[in-house]
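Protein chains: 6
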Amino acid sequence: MKLTHFDKAGKARMVDVSAKKTTQREAVAAGSVCMKPTTMRLIKAGAFEKGDVLGVARIAGIMAAKKTSDLIPLCHPLNVASITVDFFFDEDKSRIDIKATVKITGLTGVEMEALVAVSATALTIYDMCKSADKGMVISDIMLLEKRGGKSGKFVRRPSAK
Amino acid sequence: MKLTHFDKAGKARMVDVSAKKTTQREAVAAGSVCMKPTTMRLIKAGAFEKGDVLGVARIAGIMAAKKTSDLIPLCHPLNVASITVDFFFDEDKSRIDIKATVKITGLTGVEMEALVAVSATALTIYDMCKSADKGMVISDIMLLEKRGGKSGKFVRRPSAK
Amino acid sequence: MKLTHFDKAGKARMVDVSAKKTTQREAVAAGSVCMKPTTMRLIKAGAFEKGDVLGVARIAGIMAAKKTSDLIPLCHPLNVASITVDFFFDEDKSRIDIKATVKITGLTGVEMEALVAVSATALTIYDMCKSADKGMVISDIMLLEKRGGKSGKFVRRPSAK
Amino acid sequence: MKLTHFDKAGKARMVDVSAKKTTQREAVAAGSVCMKPTTMRLIKAGAFEKGDVLGVARIAGIMAAKKTSDLIPLCHPLNVASITVDFFFDEDKSRIDIKATVKITGLTGVEMEALVAVSATALTIYDMCKSADKGMVISDIMLLEKRGGKSGKFVRRPSAK
Amino acid sequence: MKLTHFDKAGKARMVDVSAKKTTQREAVAAGSVCMKPTTMRLIKAGAFEKGDVLGVARIAGIMAAKKTSDLIPLCHPLNVASITVDFFFDEDKSRIDIKATVKITGLTGVEMEALVAVSATALTIYDMCKSADKGMVISDIMLLEKRGGKSGKFVRRPSAK
Amino acid sequence: MKLTHFDKAGKARMVDVSAKKTTQREAVAAGSVCMKPTTMRLIKAGAFEKGDVLGVARIAGIMAAKKTSDLIPLCHPLNVASITVDFFFDEDKSRIDIKATVKITGLTGVEMEALVAVSATALTIYDMCKSADKGMVISDIMLLEKRGGKSGKFVRRPSAK
C-alpha cells in the first residue's frame, strides 16, 4: 500500500489525472459543531429575527469549496458543477450537524471539496458565535459517500459514526 | 447576550475594531485526525523515507492561516507575526494531534487564524492519505488558549476535552 | 493637474504612502440596482420566506471589499477595521439602493474598498435574480463621503445625485 | 417564477449544472464612467504621452473576470476561453463607455464574467483618476447580449438604455 | 510577425481559444539557483535532518502553478492534470537546478504554468535561505519542451543553455 | 549558521516578528529577459504603436508583489507602502533589464516582494511574446539593495553581477 501523492522517491507531486475518464462524480461529507444550549438557541432565534448565522456560514462553505485547490497543496483545480450545504439541529447533543454535497463532471473526485465546504461552514459558525461561546468544538468531519470514478462507490458504514 | 457579528437589526457586519488597542495577542488551537493504525504507520515511515505527509500538511496549515479573512466572511484581514504548527502521535487512539499557535501585534485576536491553520493541516493529511484510508475522521478542533485584548485570557479547562 | 498613479514619465506605479500619517479614515459609497417591480417583490418576499438575496449580496460585498488590492491594480493592501453594507428599497423607481461604509486606522484612504463593496453587492443581486430578470441595470456607483487623511473631507453635494 | 439560486426551502445553493450541455457561449456587457471634461482630457492625453489609464483598467477588467467565481458567491468556477474589453469616448456626455465580451465552451453562461469585467474596469478608471476627480459616477452596467445554452439568446432592446 | 496578445489596434486581450482542439499537452521548464557552497551544504543537510528547504519549495512551486492565471494577466484559467517539480544538485557550479513538468488535457498549452512553477520554487529557496545567503541568484528560467496543440512540438536545442 | 525558517527540530515555521521594531524598510531587486533582437524590436515598437508589453508586465509585477505572502509559504502578509517597476533596454545583449523597488513601514523586510515583482514582470514579458520567441530566458534575478531593520543595509557588490 502506498500514498499516491508521493512518487517512488518520496517526493510530493500532483497525481497525474490526464488518463482518467470524465465521469459524473459526487461526494457527501459531514461534520458537527458542539456548543452550549444557549448558543444554539441564539442561532435558531437569529435565523428568523436577529441575524442569520447559518445563512452566512453556508455561503462561506460554498465559497471555500471553490477554493479547495488553493488550500490543499496537491488538489487539482476543478470546475465543480454544484455545491449544497445543509444543517440539522441535534438538540439532545446540543450540536449542529452540517452536510455538504458536491457534484462534478470531471477527471477526478470532489471528496476534498465536500470536506472543505463542511470545515469552512463549521469555522464560520464558530467565528460568528465566539463572542458568546469560545468553547465550541468542531468534530466528526468525515466523508459519508463518494460516487463515480475508477475507485467506485464509497459509503461510510453507519456504525462508523 | 448577543452575537457581535450582527447589528441590532440582525444584519451581518464586520465588527468595527478601529477603537481597539494595538496589543500583543496570541491564540492556540488544537485538533485531531483519527485513522487506521496502518495509515499512521505509513505517515510515520514517510516522514523519514518515502514522503513527508506532515511536512506538506504543516505548510498547508500555515498558508491557509494567512488566508483566514478570505475564507471566514466577517474576519478582519490581519498581518500575523508568527504561525507554528506541531504534531503529536497518539498511538493508543490511533490519531495525530495537531496544535497551531498564532501571534500578532494588532487590533484584534487571532483565534480564527489558529483554528483555520489546524483545519487546513488536518484536511491536507486527509487528502494525502485518502488513497489508503477514506474513513479518517477530523475531530476536536477547538480553541485551547487566547491571550491579549480587552476580553483577556481564555484557557480551556482540561475537563473540556 | 496630474494623475498620481503615474510618475513623470507616465509609468504606472503604486503611490508611495510611507510618509503619510496613520489616521482614522472612513469612506461611504453608494449605488443602485434597477429592476422590474416583480423582481423587487421576489427579493422582498425572499428575505423572509424563500431565500435571502440581500443577505448573500451583503456578504459578497464585505468579502470583495477585503480583496480590493487584489482587484484594483494600484491599490495598497490594507487592514480595514470595519465594513457595513445597507439596503434601501425605492419602490417608486423600482430599485434597491446600496450604501457601504468602510473604516480604517491607516496610511491611506478606503474609498476604493467602499466602492468595491457596493459593486460586488450589486453584481451579486444581479447574479441571484438573473434567472428572473436579465435586464437589471447597476447605476449611480459613487463616493458619498470621505473623512481623514491629508486631502481632508469630501462630501458629495446633494444635487450631484 | 422563482430564483434558481435558492432551493424550495429558501436555502442558497450553487445551481447544479452537471446535466447541462457543453456549448459555445458568449456574453457582452456594458457600463459607463461619467467624469469632468478635464478628467476625460487627462485620460485621452495620458493614453499617448503621460500614462495609460485605460490600458491598466483593461488589464484589471480581464483579471477580475477570471476571479468571478471568487467574488460572486454562487457563480461556478469556469475556464473562460476569451475576454476582451473595449472603450468608447462619449465627449458630449463626458463619459467613457466600456464594453466587455467573454466567450466559453462550457456548461454554463458567462454573463457574470462580462459584468465583472466591466465593473472592475470602471472601478480602476475611478481609482487612477480619483486624485483629480472624486465625483466620477459609474452607471449603466448591464447585459447587452447573451448567446448559447438552453435559455437561448438574449439581446437588450435599444430603448432599454 | 505579431504578438497574439494584442489585437490589430494594439489593445491587450485574452486570446480566444474557443475554436482550439482539446488535446493532451505537456510543458517542461527549467531554472537554477546559484548560491554559496555553504548554503548548498545547509540545504542538503536540512533535507535529511534539520529542515526540508526543497520539500517546502516544491510545494510552493506546485501551488503557484495552479495560480498562473491569477499572476499572468492574459493567461487562461486551466485545470492542470499534473505538476511535478524535481531538483538536481550541481556541486561544481554550486547551484540547484529545478525542473517542472506540467500536463493538461485542454484547449491551450501549459508553458506558463511550468515556468511559474520553476520561478516560485526558486523564489522559495531564496526566501528560506536568505538569512544565510542574500546574494543567491536565480537564472536560466526557460522552456525546455512543449508538446501538443496546433503549434506542435518545441524542444530547446542543447546549445541554447 | 542556521536557516531561520526552521526551528531546532527542523520544522518549518513562520518566523516570529512580533518583537521586531516598526521601521522604514526598502528593497531593490533586478532581473533580465534575454530574447531575439527581433522580439526586442517588437516590444519597443509595441510600446508606442501596436501593444504595450511592458505596460502590462509592469502591472503584473506590481500585482504579484502584493500577493507575495500567498506565493511564498513562510512569508509574512505585509501592507507594502510603494512598488515601482522600471525597464532598461540593453541592445548589445539583446535583453530587457527589470528593476523593482518596494517600500514599507513595518516589522519585516520586503526583499521577497521585490524579487516576486521582478519575477512576475519577467514571466509576463515571456507570456506576451512567446508566440514570437519561445526561447527567451529569464536570468539574474537577484537582490540589489536592502535598507532598514536589524540586519541593516545590504548592497550587492558590483562585481557580483
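Quick note, the sequences are listed as chains A, B, C, D, E and F, same order.
Sequential numbering from 1 applies to the first sequence in our numbering.
Sequential numbering from 1 applies to the second sequence in our numbering.
Sequential numbering from 1 applies to the third sequence in our numbering.
Sequential numbering from 1 applies to the fourth sequence in our numbering.
Sequential numbering from 1 applies to the fifth sequence in our numbering.
Sequential numbering from 1 applies to the sixth sequence in our numbering.
Virtual Cβ for every residue (Gly too), placed ideally from N, Cα, C.
These numbers come from a predicted model, not from an experiment.
How many Å lie between B/LYS161 and E/LEU71 at the Cα?
Any reading at B/LYS161 needs caution, since the residue's pLDDT is 43, under 50, leaving its predicted position unreliable; the model's value is listed next. Taking the straight line joining both Cα atoms gives about 43 Å.
Confirm, please, whether the CB-CB distance from D/LEU143 to D/ALA12 is below 7 Å.
no
C/LEU107 (DSSP reduced to helix, strand or coil)
coil
When you compare the CB of B/VAL80 with every CB in chain E, is at least one pair closer than 7 Å?
no
Nearest by alpha-carbon distance to F/PHE87: which of F/GLY109, F/ALA57 and F/LYS103 is it?
F/ALA57
Mind checking if F/ALA9 is an interface residue toward chain B, Cβ cutoff 7 Å exclusive?
no
Based on Cα-Cα distance, which residue from B/LEU42, B/LYS150 and B/CYS129 lies nearest to A/VAL15?
B/CYS129
According to a CB-to-CB cut-off of less than 9 Å, which residues of the segment 59-84 of chain A neighbour chain E?
SER69, ASP70, PRO73, LEU74, CYS75, HIS76, PRO77, LEU78 and ASN79
May I ask you to report which of helix, strand or coil DSSP gives A/GLU91?
coil
May I have the straight-line CA-CA distance separating D/SER139 from C/ILE141, to the nearest angstrom?
6 Å
Determine whether the Cβ of E/LYS161 lies closer than 7 Å to any Cβ atom of chain B.
Confidence in E/LYS161 is poor, its pLDDT being 42 and thus under 50, which makes the residue's placement unreliable; the coordinate value appears in the next sentence. Chain B contact via Cβ: absent.
Within the 7 Å Cβ cut-off, does F/LYS153 reach chain C?
no
Can you give me the C-alpha to C-alpha distance between E/ARG41 and B/GLY148, rounded to a whole angstrom?
41 Å
B/GLY55: contacting residues in chain H (beta-carbon distance under 9 Å):
Looking for chain H here will not work: the only protein chains present are A, B, C, D, E and F.
Flag E/ALA27 as yes if its beta-carbon sits less than 7 Å from any beta-carbon of chain D, otherwise no.
no
Quick check: C/VAL102 and C/ILE83, are their CB atoms within less than 7 Å of each other?
yes
With DSSP run on the structure shown, which of helix, strand or coil describes F/SER139?
strand
Assigned exposure category for A/GLY55 - 16 Cβ within 10 Å defines buried
buried
What span of residues does the beta strand (DSSP E) with A/ARG25 cover, start to end?
23-34
Does the beta-carbon of A/GLU91 have 16 or more other beta-carbons within 10 angstroms, so that it is buried, or is it exposed?
exposed
Neighbour-count burial assignment, E/PRO158, 16 or more Cβ in a 10 Å radius
exposed
Would you please state the rounded distance, in angstroms, between the beta carbons of F/GLU111 and F/LYS66? I believe it to be under 8 Å.
No, F/GLU111 and F/LYS66 are not in contact; Cβ-Cβ is about 15 Å, not under 8 Å.
Does chain F have any CB closer than 7 Å to the CB of C/VAL110?
no
Using a Cβ cut-off of 7 Å (strictly closer), state whether D/SER18 contacts chain A.
yes
Leaving out the 5 sequence neighbours to the left and right, which residues in its chain are closer than 7 Å to E/CYS75 when beta-carbon positions are compared?
THR68, SER69 and MET112
Counting C-beta neighbours from all protein chains within 10 Å, is the total for D/ALA9 16 or more, i.e. buried, or is it exposed?
exposed
Quickly, what does DSSP pair F/SER82 with across the bridge? List them, please.
F/LYS103
Tell me whether A/ILE72 sits in a helix, a strand or coil according to DSSP, three-state version.
coil
Kindly indicate which residue of C/VAL33, C/SER94, C/VAL80 and C/ARG25 has the alpha-carbon position closest to the one of C/ALA120.
C/VAL33
In DSSP terms, what C/ASP97 is bridged to:
C/SER32 and C/PHE88
Could you pull the DSSP bridge partners for D/MET14 from this structure?
A/ILE83
Secondary structure at D/LEU3, three-state DSSP: helix, strand or coil?
coil
Put F/LYS146 into one of helix, strand or coil per three-state DSSP.
strand
Output needed in chain order: residues of the segment 92-105 of chain C with a Cβ under 8 Å from some Cβ in chain B.
LYS103, ILE104 and THR105
Using alpha carbons as the reference points, say which of C/ALA114, C/ARG95 and C/LEU115 lies closest to C/LYS36.
C/ARG95
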